[in-house]
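See below for the structure under consideration.
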Amino acid sequence: MRVVVRTVSELCITVGALIVLFVAYVLFWTGVKADTVMDDQIDRLQSQWSKGSVQQPKVTAGATAARAELAPYRSGQPFAIMYIPRLGFTWNKPVLEDTRVSTLKKGLGHYANTAQLGQQGNFSVAGHRRTYGDPFKDFPKLRRGDAVVLTDGTTWFTYRIDKGPYKTVPTDIEVIDPVPRKSGYTRPGRYLTLTTCDPEWGHSHRLIVWAHLDSTQPVEDGKPVALRR
Amino acid sequence: MYGWIWRHLPGNAWVKAFLSLMLVVAVVYVLFQYVFPWAEPLLPFNDVTVDNQ
Chain A
251 MRVVVRTVSE LCITVGALIV LFVAYVLFWT GVKADTVMDD QIDRLQSQWS KGSVQQPKVT
311 AGATAARAEL APYRSGQPFA IMYIPRLGFT WNKPVLEDTR VSTLKKGLGH YANTAQLGQQ
371 GNFSVAGHRR TYGDPFKDFP KLRRGDAVVL TDGTTWFTYR IDKGPYKTVP TDIEVIDPVP
431 RKSGYTRPGR YLTLTTCDPE WGHSHRLIVW AHLDSTQPVE DGKPVALRR
Chain B
3 MYGWIWRHLP GNAWVKAFLS LMLVVAVVYV LFQYVFPWAE PLLPFNDVTV DNQ
């Protein structure tokens, strides 16, 4: 009898410790890992850019003509850095190609079948709300007029949010269409869509914001106004 | 269970305590390195895309 009671209580303690450890892992350790990995990705991008091995041709300020023959992004590889001043002045995350689970651990994920950065269509990006560095934790704070700035090493792209967090269901794939339904856009254009999960710790819904391309400028001209302080 | 382990560790109390600590560290390492990364995607925090693309 005593052996049974002892074994059961030991098991309970073990399971309890396991749960505490797992919570610590999800809440804390994934963030530590993600911060390291994301810094790594940004370092890789910046060293790539400083070597001048950017694949894309240069665009002059205000150039709106379609760029000829863009190299496709490589799956799982970083290709841009995103800045959203509303989420914090120091908030910056790498953007990687595709939205697989393993990719989203390293940064934000660009939906593989959507437009490329700054191009005609809908440049769509997904990111974690919680865990893995909580990149989109403050997603609901985004408002109309907020800037979403991206750079691909040669050009700064400033998008302006037009429609604040819009809540939808996970199957609502039309939100990343070239002209997203419910976004209020009626004509084709250069749009950006951000998606994350909602509620914060759940997965029953998705939060969406839409933005349009406001301005571009070559990196030589310095940071865009939205990032200056 | 823990008593059984303690009895089967060699050496005096200090050595046993040290070995137990090592065992705990090893278990935590395996959990963080292999078990939790496997279990974590089963939770809903990864579902941030539309239509799971």
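Chains A and B are the protein sequences, given in the same order. Residues in the first sequence are numbered from 251 upward in steps of one, following the numbering used here. Residues in the second sequence are numbered from 3 upward in steps of one, following the numbering used here. All C-beta atoms in this analysis are idealised placements derived from N, C-alpha and C, irrespective of residue type, glycine included.
Three-state secondary structure (DSSP) at threonine 280/A? helix
Minimum length 4: unbroken alpha helix (DSSP H) runs contained in the stretch 326-374 of chain A: 351-354
Using C-beta distances below 8 Å, list every residue in its chain close to valine 255/A, excluding the 5 sequence neighbours before and after it, in chain order. none
Grab me the residues of lysine 18/B's own chain with a C-beta within less than 7 Å of its C-beta, minus the 5 sequence neighbours each way, in chain order. Trp8, Leu11
Contacting residues, own chain, Cβ-Cβ under 8 Å from proline 438/A (five flanking each side not counted): Gln370, Gly371, Pro428, Val429
Using the Cα positions of leucine 477/A and aspartate 464/A, report the straight-line distance between them to the nearest angstrom. 14 Å
Contact set between cysteine 447/A and chain B, taken where Cβ atoms lie within less than 8 Å: Pro46, Phe47, Asp49, Val50
Chain-ordered chain B contacts of glycine 377/A [CB-CB under 8 Å]: Val50
I'd like the span of the beta strand (DSSP E) that includes glycine 414/A, first residue to last. 405-418
Residues of the stretch 408-421 of chain A with Cβ closer than 7 Å to any Cβ of chain B, in chain order: Pro420, Thr421
Closer than 7 Å between beta carbons: that is the criterion. Which residues of the stretch 4-19 of chain B meet it against chain A? Tyr4
Distance cutoff 8 Å, beta carbons only. Does valine 30/B sit that close to anything in chain A? yes
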